[in-house]
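Visitor: So the sequences go chain by chain: A and B. Heads up: the first sequence begins at 1 in UniProt numbering, then just goes up one per residue. Heads up: the second sequence begins at 1 in UniProt numbering, then just goes up one per residue. For glycine and all other residues, C-beta sits at the position ideal for the given N, C-alpha and C.
Protein chains: 2
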Amino acid sequence: MSYSSDTLCTPGDPSLKSQGAHTEVLERMGHLTQSIEEHIGQLSTGHQQLEAHSPGQGPGEQEALLSHQMGQVVSLLQSETNGLLPHPLDSRVDIGAGQPGPFTKPTSDCETTLVSHDLSNRGNDISTFYHTHFRNYILYHEDKYHEDKNPSGFINLATCQNKLCTDLITERLSREDMNIIEDTLLQYPDWRGHPFLREEVARFLTHYSKAPAQLDPENVVVLNGCCPVLSALAMVLCEPGEAFLTPAPFYGTFVFSTSLYAKVELIHVYLDSEITEGNTRPFQLTVDKLEHTLLEAQLKGKKVRGLVLTNPQNPLGDVYSRDSLIEYLEFAKRYNLHVIVDEIYMLSVFDESTTFHSVLSIKSLPDPKRTHVIWGTSKCFGICGFRFGALYTHNKEVASAVSSFGYFHSISGIAQHKLCRLLQDREWIDQVYLPISHSRLQVAHRYITDKLKELQIPYLHRGAGLYVWINLKKYLDPCTFEQELLLLRRFLDKKVIVGTGKFFLCKEPGWFRLVFAERYPQLKLAMDRFCQVLAEQQLEKQPEDTMRM
Amino acid sequence: MSYSSDTLCTPGDPSLKSQGAHTEVLERMGHLTQSIEEHIGQLSTGHQQLEAHSPGQGPGEQEALLSHQMGQVVSLLQSETNGLLPHPLDSRVDIGAGQPGPFTKPTSDCETTLVSHDLSNRGNDISTFYHTHFRNYILYHEDKYHEDKNPSGFINLATCQNKLCTDLITERLSREDMNIIEDTLLQYPDWRGHPFLREEVARFLTHYSKAPAQLDPENVVVLNGCCPVLSALAMVLCEPGEAFLTPAPFYGTFVFSTSLYAKVELIHVYLDSEITEGNTRPFQLTVDKLEHTLLEAQLKGKKVRGLVLTNPQNPLGDVYSRDSLIEYLEFAKRYNLHVIVDEIYMLSVFDESTTFHSVLSIKSLPDPKRTHVIWGTSKCFGICGFRFGALYTHNKEVASAVSSFGYFHSISGIAQHKLCRLLQDREWIDQVYLPISHSRLQVAHRYITDKLKELQIPYLHRGAGLYVWINLKKYLDPCTFEQELLLLRRFLDKKVIVGTGKFFLCKEPGWFRLVFAERYPQLKLAMDRFCQVLAEQQLEKQPEDTMRM
Numbered sequence: 001m002s003y004s005s006d007t008l009c010t011p012g013d014p015s016l017k018s019q020g021a022h023t024e025v026l027e028r029m030g031h032l033t034q035s036i037e038e039h040i041g042q043l044s045t046g047h048q049q050l051e052a053h054s055p056g057q058g059p060g061e062q063e064a065l066l067s068h069q070m071g072q073v074v075s076l077l078q079s080e081t082n083g084l085l086p087h088p089l090d091s092r093v094d095i096g097a098g099q100p101g102p103f104t105k106p107t108s109d110c111e112t113t114l115v116s117h118d119l120s121n122r123g124n125d126i127s128t129f130y131h132t133h134f135r136n137y138i139l140y141h142e143d144k145y146h147e148d149k150n151p152s153g154f155i156n157l158a159t160c161q162n163k164l165c166t167d168l169i170t171e172r173l174s175r176e177d178m179n180i181i182e183d184t185l186l187q188y189p190d191w192r193g194h195p196f197l198r199e200e201v202a203r204f205l206t207h208y209s210k211a212p213a214q215l216d217p218e219n220v221v222v223l224n225g226c227c228p229v230l231s232a233l234a235m236v237l238c239e240p241g242e243a244f245l246t247p248a249p250f251y252g253t254f255v256f257s258t259s260l261y262a263k264v265e266l267i268h269v270y271l272d273s274e275i276t277e278g279n280t281r282p283f284q285l286t287v288d289k290l291e292h293t294l295l296e297a298q299l300k301g302k303k304v305r306g307l308v309l310t311n312p313q314n315p316l317g318d319v320y321s322r323d324s325l326i327e328y329l330e331f332a333k334r335y336n337l338h339v340i341v342d343e344i345y346m347l348s349v350f351d352e353s354t355t356f357h358s359v360l361s362i363k364s365l366p367d368p369k370r371t372h373v374i375w376g377t378s379k380c381f382g383i384c385g386f387r388f389g390a391l392y393t394h395n396k397e398v399a400s401a402v403s404s405f406g407y408f409h410s411i412s413g414i415a416q417h418k419l420c421r422l423l424q425d426r427e428w429i430d431q432v433y434l435p436i437s438h439s440r441l442q443v444a445h446r447y448i449t450d451k452l453k454e455l456q457i458p459y460l461h462r463g464a465g466l467y468v469w470i471n472l473k474k475y476l477d478p479c480t481f482e483q484e485l486l487l488l489r490r491f492l493d494k495k496v497i498v499g500t501g502k503f504f505l506c507k508e509p510g511w512f513r514l515v516f517a518e519r520y521p522q523l524k525l526a527m528d529r530f531c532q533v534l535a536e537q538q539l540e541k542q543p544e545d546t547m548r549m
Numbered sequence: 001m002s003y004s005s006d007t008l009c010t011p012g013d014p015s016l017k018s019q020g021a022h023t024e025v026l027e028r029m030g031h032l033t034q035s036i037e038e039h040i041g042q043l044s045t046g047h048q049q050l051e052a053h054s055p056g057q058g059p060g061e062q063e064a065l066l067s068h069q070m071g072q073v074v075s076l077l078q079s080e081t082n083g084l085l086p087h088p089l090d091s092r093v094d095i096g097a098g099q100p101g102p103f104t105k106p107t108s109d110c111e112t113t114l115v116s117h118d119l120s121n122r123g124n125d126i127s128t129f130y131h132t133h134f135r136n137y138i139l140y141h142e143d144k145y146h147e148d149k150n151p152s153g154f155i156n157l158a159t160c161q162n163k164l165c166t167d168l169i170t171e172r173l174s175r176e177d178m179n180i181i182e183d184t185l186l187q188y189p190d191w192r193g194h195p196f197l198r199e200e201v202a203r204f205l206t207h208y209s210k211a212p213a214q215l216d217p218e219n220v221v222v223l224n225g226c227c228p229v230l231s232a233l234a235m236v237l238c239e240p241g242e243a244f245l246t247p248a249p250f251y252g253t254f255v256f257s258t259s260l261y262a263k264v265e266l267i268h269v270y271l272d273s274e275i276t277e278g279n280t281r282p283f284q285l286t287v288d289k290l291e292h293t294l295l296e297a298q299l300k301g302k303k304v305r306g307l308v309l310t311n312p313q314n315p316l317g318d319v320y321s322r323d324s325l326i327e328y329l330e331f332a333k334r335y336n337l338h339v340i341v342d343e344i345y346m347l348s349v350f351d352e353s354t355t356f357h358s359v360l361s362i363k364s365l366p367d368p369k370r371t372h373v374i375w376g377t378s379k380c381f382g383i384c385g386f387r388f389g390a391l392y393t394h395n396k397e398v399a400s401a402v403s404s405f406g407y408f409h410s411i412s413g414i415a416q417h418k419l420c421r422l423l424q425d426r427e428w429i430d431q432v433y434l435p436i437s438h439s440r441l442q443v444a445h446r447y448i449t450d451k452l453k454e455l456q457i458p459y460l461h462r463g464a465g466l467y468v469w470i471n472l473k474k475y476l477d478p479c480t481f482e483q484e485l486l487l488l489r490r491f492l493d494k495k496v497i498v499g500t501g502k503f504f505l506c507k508e509p510g511w512f513r514l515v516f517a518e519r520y521p522q523l524k525l526a527m528d529r530f531c532q533v534l535a536e537q538q539l540e541k542q543p544e545d546t547m548r549m
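#1: Answer yes or no: does any C-beta atom of chain B fall closer than 8 Å to that of residue 250 of chain A?
#2: Between the Cα of residue 496 of chain A and those of A:133, A:151, A:431, spot the shortest distance and give me the residue it belongs to.
#3: Suppose only complete runs of 4+ residues qualify. What are the alpha helix (DSSP H) ranges in the region 446 to 504 of chain A, listed by chain order?
#4: Near residue 369 of chain B, which residues of its chain fall below 7 Å by C-beta distance, leaving aside the five closest residues on each side in sequence?
#5: Would you give the residue range spanned by the alpha helix (DSSP H) that residue 137 of chain B belongs to?
#6: Roughly how many angstroms lie between the CA atoms of residue 260 of chain B and residue 407 of chain A, to the nearest whole one?
#7: So, is the C-beta of residue 66 of chain A closer than 8 Å to a C-beta in chain B?
#8: Report the option in B:487, B:446, B:123 whose CA atom is closest to the CA atom of residue 518 of chain B.
#9: Check whether chain B comes within 8 Å of residue 507 of chain A, counting only Cβ atoms and requiring the distance to be less than that.
#10: Would you verify that the beta carbon of residue 89 of chain B is, or is not, closer than 8 Å to some beta carbon of chain A?
#11: Which value, in whole angstroms, describes the spacing of the CA atoms of residue 201 of chain A and residue 356 of chain A?
#12: Provide the residue span of the alpha helix (DSSP H) that contains residue 208 of chain A, from first to last.
#13: Do you know offhand how far residue 380 of chain A's Cα is from residue 413 of chain B's?
#14: Look at the alpha carbon of residue 308 of chain B and the alpha carbon of residue 426 of chain B, and state the distance between them as a whole number of angstroms.
#15: Judging by CA-CA distance, which residue of B:478, B:360, B:499, B:193 is the nearest neighbour of residue 212 of chain B?
#16: From the DSSP secondary-structure annotation, give me the bridge partner or partners of residue 392 of chain A.
#17: Between the C-alpha atoms of residue 293 of chain A and residue 302 of chain A, what's the straight-line distance to the nearest angstrom?
#18: Tell me whether residue 272 of chain B sits in a helix, a strand or coil according to DSSP, three-state version.
#19: Where do the ends of the beta strand (DSSP E) carrying residue 304 of chain B lie?
#20: According to the Cβ coordinates, are residue 537 of chain A and residue 490 of chain A closer than 8 Å?
#21: Within the continuous beta strand (DSSP E) that includes residue 254 of chain B, where are the two ends?
#22: Using CA atoms only, rank isn't needed, just tell me which of A:478, A:238, A:384, A:247 is closest to residue 402 of chain A.
#23: Which of the three DSSP states is assigned to residue 511 of chain A in this structure?
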């Protein structure tokens with residue numbers, strides 16, 4: 001951590017407006033939520049078995065009824081507390097990577113998501129999960145900031161988008177070579193991705209990953225985003241109910257990606273912020289931690305099939321050293337685990353002193369047949385709207401099996417064409433795009449970290465990614481996930497969206513992720529709003545001190 | 001049927017080269033296949049229940065082993081019969097809508113699809129299903145016909161693509177208004193689809209479906225294809241193991257769409273070609289048949305949640321009358337079934353005397369909350385490469401639940417922009433595109449049906465769709481699915497791909513679907529190859545007659 005790690009957490013202040021009452025109700029909520037969760041858990045486990053025997057009004061209906069009844073109790077409680085409380089299914093979100101935003105209309109939300117008799121129980125569950133997980137994202141889309149048209153709209157520092165080079169990419173995408181319409185682009189494609197794009201991806205990754213030998217286009221599968229690739233890998237590598245290990249904090253939507261279709265659990269390898277003997281830097285991933293979590297999971301009867309890593313890490317910004325990477329890969333080999341490395345932030349290493357090592361650059365991979373890379377252009381090229389993700393694997397059977405999902409997760413031919421042209425233009429990428437992109441990332445990173453230093457907010461100083469992982473514990477009293485949620489609510493009230501640690505499955509409350517790859521005027525406005533919220537929060541915590549000043 | 005319904009099936013001819021031996025081996029294959037299928041069926045049923053109890057080496061492993069062993073026996077048999085026989089998992093394809101093409105390398109195919117220890121059992125199953133179902137499609141992509149570069153490549157009359165107006169659509173897509181790159185197109189979208197596109201889809205469908213009132217953009221969800229929409233509907237309307245009814249023959253890939261993720265079964269309402277008292281025209285869909293199949297399924301303990309219709313029908317080309325449509329909807333209402341109507345061929349009604357009635361045009365829908373429409377531009381605009389499908393439902397809860405799938409099935413922003421511009425340009429659609437498209441469809445339909453008449457091949461004369469449903473029974477001896485497959489093999493040997501009745505889950509062997517929306521030179525060449533195959537087939541059946549001529 002670059003900055004003082006004083007978290008400045010202060011003990012509870014009795015003058016804090018009704019926070020004590022909130023906490024009490026939050027606790028009651030917690031018990032209820034847990035109770036619902038347990039019931040649903042039990043029923044879900046028994047669900048498919050029971051459904052197979054009695055397709056009639058089975059436990060599914062009971063589940064809906066129970067959820068509804070509990071939901072009503074919770075709604076009552078919620079209405080008493082001015083809609084400040086989490087969703088009744090937020091406990092699921094603890095497991096399920098929620099960004100539990102506040103309720104605009106808590107009661108009706110409950111009703112729409114829990115009580116539709118036109119939907120199956122599965123349909124209700126998915127809809128509830130989705131709308132809880134993406135609540136703030138949906139809010140943002142309903143009320144986006146616009147300089148002229150909607151200056152009081154939301155600015156989103158939670159969703160990881162790179163808006164710093166939209167000018168460059170727009171210019172490149174507008175050139176003539178982009179707008180060629182060939183017949184094949186209009187027809188059904190090879191479901192693995194058009195050959196021209198797979199060839200270009202193989203060439204591109206060979207170069208930028210520093211692969212020791214030319215990568216094979218036959219080992220590339222192109223789908224409409226990296227999460228569909230992760231979902232497809234979970235489908236083909238695991239049976240339902242099996243698991244992957246992944247270090248936490250991690251990108252919360254991975255949970256949605258592995259659970260929605262594949263029913264694969266992500267077992268969290270919890271990382272600590274505190275520096276100890278086994279933890280030479282905050283949130284360090286060690287083989288000990290991996291091994292400990294794996295053995296613990298196995299003792300509980302879990303069947304762990306793989307390890308999911310993100311490098312550069314999201315939300316930490318850590319870039320794994322070559323040695324660390326090999327250690328993780330060797331650990332996985334010892335336990336016959338697949339390793340899936342998401343390298344989507346590969347070209348977002350903006351600090352020149354930081355060296356990124358792609359897993360594809362390692363000459364003698366410990367277990368090449370079980371090492372799979374996910375990559376896409378969303379982050380580094382700032383074009384997440386293209387919906388492009390690629391798998392590279394040395395295992396032809398895995399590539400072949402993942403290609404089965406192309407029919408459901410394919411990208412428009414015209415988008416494939418543009419992507420190919422973009423990746424082909426190495427001169428522009430190397431001479432224009434990457435230097436400017438990295439320099440703008442540096443400037444934005446400096447701006448935001450200077451602000452954080454001013455506010456004496458600890459953060460992880462890293463040279464990669466589009467975000468910074470910060471510690472707001474000193475603003476939480478007590479330092480709990482409930483208070484983290486209440487602080488988020490304050491940010492939302494001021495129309496700035498930030499990512500909570502809870503969304504990233506962080507074990508410790510008080511951490512947040514700020515995306516800084518936002519154009520300056522918006523980033524400045526967002527940070528003004530952010531600082532204002534923290535000032536008010538501080539004011540409420542220490543009103544007497546402030547009044548004395 | 002417009003043409004003589006003499007199917008001209010002739011009894012077995014002893015001179016037919018080794019067909020008797022083939023038939024015997026095919027029968028043995030059939031028993032083996034059935035045996036594998038039963039084992040797999042039993043294991044699959046018990047699978048999830050057992051896996052939950054013993055996550056170790058369970059029935060899944062046994063299943064793989066069994067499949068492998070049986071596969072080897074089958075491979076041996078296959079090698080004896082020159083690779084002419086179906087895949088060991090083709091019996092699954094009977095249920096699962098296979099286009100069981102021939103084996104180029106049957107043994108190695110078996111091995112790659114069945115014995116990967118790096119994949120889960122589920123992964124192996126999906127990969128096998130996909131590669132079996134899409135085998136001819138994959139073959140086609142490996143060896144596509146090209147006038148200059150590959151004149152002996154495959155011409156594909158099996159995959160339903162509209163290539164007749166590529167010139168028009170390419171010209172329209174190349175105009176300047178198409179190539180605008182706005183920031184929002186590059187960023188993460190509203191996962192329901194960009195608002196501008198949903199608004200345009202609502203306006204478009206209001207107009208072309210003749211809706212009695214303006215349709216609501218909030219009821220539109222845009223995903224990357226119509227099959228993802230069907231899959232998402234199956235996910236949210238059904239529990240795993242539940243079912244939809246659908247009249248057969250139908251588009252075989254629906255089985256993949258409802259089973260891959262949703263595990264929803266399609267129960268076939270079998271239609272007959274023969275004209276009887278209850279069947280005033282070939283393959284007529286009646287409420288009696290729907291009701292009979294539903295009650296029979298319910299007796300077997302199936303939980304049927306809905307009815308899936310395609311209008312205009314694929315592969316029959318039938319366009320439902322308004323009265324028929326209302327009868328089906330009322331039947332569904334009586335039994336609390338959802339109705340999903342796939343209207344993707346809506347604007348492909350090329351015969352002026354045929355009137356299409358969208359379900360959205362019906363003023364008093366029997367059960368509007370359970371009536372859902374799927375629509376896309378792939379067929380009528382010949383742009384299946386765009387990967388665009390839309391749901392329209394009056395049920396906001398269903399729309400909301402289906403939007404949960406947008407994250408995994410979204411389309412590129414730039415493609416959404418182009419689609420919106422295309423749908424907006426009503427003048428071009430009404431004055432240029434549709435008149436020319438319909439006229440070219442008429443010409444191609446006339447060309448192909450004239451050929452069929454010459455050959456005295458019975459077919460369904462319909463004025464909608466891009467295909468014609470033909471009866472080749474007279475070329476099969478005996479008239480079995482095995483012989484249907486052997487005939488397909490002959491077509492493939494001559495590098496023309498056609499759709500077998502089996503792919504469309506037709507109950508009667510001998511039917512095929514020919515797509516005629518192919519540009520003239522290719523269509524002519526394809527039909528030349530087609531005629532040559534039939535001539536040879538005829539020759540082998542009646543060598544003495546021919547020699548006497």
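Guide: Reading off the structure:
#1: As a first step, residue 250 of chain A must be located in the first sequence, where it is residue number 250. Residue-level contact by beta carbon fails for residue 250 of chain A and chain B, as no gap is shorter than 8 Å.
#2: Position 496 of the first sequence, counted from the start, is the residue given in the question as residue 496 of chain A. Nearest to residue 496 of chain A by alpha-carbon distance, out of A:133, A:151, A:431, is A:151.
#3: Qualifying alpha helix (DSSP H) stretches, in chain order: 481 to 493.
#4: Along the second sequence, one-based indexing puts residue 369 of chain B at 369. In chain order, 394, 395 place their CB closer than 7 Å to the CB of residue 369 of chain B, counting only its own chain and leaving out the 5 sequence neighbours on each side.
#5: What you label residue 137 of chain B is simply residue 137 of the second sequence in a count that begins at 1. Start and end: 135 to 142.
#6: Numbered from its first residue, the second sequence carries residue 260 of chain B at position 260. Numbered from its first residue, the first sequence carries residue 407 of chain A at position 407. If you take the alpha carbons of residue 260 of chain B and residue 407 of chain A, they lie about 11 Å apart.
#7: Here the question's residue 66 of chain A lines up with position 66 in the first sequence. At residue 66 of chain A the pLDDT is 42, less than 50, meaning the model places this residue with poor confidence and gives no usable figure here.
#8: As a working mapping, residue 518 of chain B is identified with position 518 in the second sequence. With distances taken between Cα atoms, residue 518 of chain B lies closest to B:446.
#9: As a working mapping, residue 507 of chain A is identified with position 507 in the first sequence. Closer than 8 Å: no.
#10: As a working mapping, residue 89 of chain B is identified with position 89 in the second sequence. Caution is warranted here: a pLDDT of 26 is assigned to residue 89 of chain B, below 50, making its placement in the model unreliable, and no coordinate value can be reported.
#11: Taking the first sequence and counting its residues from 1, the one referred to as residue 201 of chain A is at position 201. Taking the first sequence and counting its residues from 1, the one referred to as residue 356 of chain A is at position 356. As the crow flies, the alpha-carbon of residue 201 of chain A is around 19 Å from that of residue 356 of chain A.
#12: As a first step, residue 208 of chain A is located in the first sequence; it is residue number 208 there, counting from the start. Taken as a continuous stretch (DSSP letters only), the alpha helix (DSSP H) holding residue 208 of chain A covers 195 to 208.
#13: Within the first sequence, the letter at position 380 stands for residue 380 of chain A. Within the second sequence, the letter at position 413 stands for residue 413 of chain B. Distance between the alpha carbons of residue 380 of chain A and residue 413 of chain B is about 17 Å.
#14: Locating residue 308 of chain B in the second sequence gives position 308, counting from the first residue. Locating residue 426 of chain B in the second sequence gives position 426, counting from the first residue. Rounded to whole angstroms, residue 308 of chain B and residue 426 of chain B show a C-alpha spacing of 30 Å.
#15: The residue you call residue 212 of chain B lines up with position 212 of the second sequence. Nearest option by C-alpha distance: B:360.
#16: By one-based count along the first sequence, residue 392 of chain A stands at place 392. DSSP, once it has assigned bridges, lists A:220, A:373 as partnering residue 392 of chain A.
#17: Within the first sequence, residue 293 of chain A is the residue found at index 293, counting from 1. Within the first sequence, residue 302 of chain A is the residue found at index 302, counting from 1. Whole-angstrom Cα-Cα distance: 11 Å.
#18: Sequence index remark: in the second sequence, residue 272 of chain B carries index 272 (1-based). DSSP, reduced to helix, strand and coil, places residue 272 of chain B outside both helices and strands of the structure shown, so it counts as coil.
#19: Within the second sequence, residue 304 of chain B is the residue found at index 304, counting from 1. First-last of the beta strand (DSSP E) with residue 304 of chain B: 304 to 310.
#20: Translated into positions along the first sequence, residue 537 of chain A becomes position 537. Translated into positions along the first sequence, residue 490 of chain A becomes position 490. Yes.
#21: What you label residue 254 of chain B is simply residue 254 of the second sequence in a count that begins at 1. Where residue 254 of chain B is concerned, there is no enclosing beta strand (DSSP E), although the alpha helix (DSSP H) it sits in stretches over 253 to 259.
#22: Here residue 402 of chain A corresponds to residue number 402 of the first sequence, with the count starting at 1. Closest by C-alpha distance to residue 402 of chain A, out of A:478, A:238, A:384, A:247, is A:238.
#23: Translated into the one-based positions of the first sequence, residue 511 of chain A becomes position 511. Strand.
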